[in-house]
Amino acid sequence: MLVLLTFSLEQIEYQHPLIKKFFPSYIDIDKKRFPDIPQIDYLLKLSGFNDIRHQEVLIEDFAIDQEYLDRVKK
């Protein structure tokens, strides 16, 4: 069986810089919804998974400029 997880607390922290700037409590609430990687490892092992690997995938930064703001408004 293959299980893929596509988030981390670091990604939540850095994915939406404007949200963090203007709504910092939203980021804190969202981070509480997801366990950290050691907790995920523990739960996977508890569930019978034994070949657990991690691969970091960097999220590409994007410019928050007028074009981006115009797309969001639409």
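Residue numbers (this note's numbering): 26 to 99. Cβ atoms here follow ideal geometry from the backbone N, Cα and C, with glycine treated the same way. Quick caveat, the model's predicted, so the values are computed rather than measured.
Residue i, DSSP secondary structure in three states
{"i": "V82", "result": "coil"}
{"i": "V97", "result": "helix"}
Outcome for residue i when other beta-carbon atoms lying within 10 angstroms are tallied against a minimum of 16
{"i": "I52", "result": "buried"}
Cβ distance (whole Å) where residue i is taken to contact residue j below 8 Å
{"i": "I65", "j": "L29", "result": "Not a contact, Cβ separation roughly 12 Å."}
{"i": "K70", "j": "I77", "result": "7 Å"}
Cβ-heavy atom distance, residue i to the ligand MN, below 7 Å
{"i": "P63", "result": "The model on display carries no ligand, and the ligand MN is accordingly not part of it."}
>> Please give the ranges of any alpha helix (DSSP H) in the segment 42 to 79, keeping only runs that are unbroken, at least 4 residues long and fully inside the region.
In response: 42 to 47, 49 to 58 and 62 to 71
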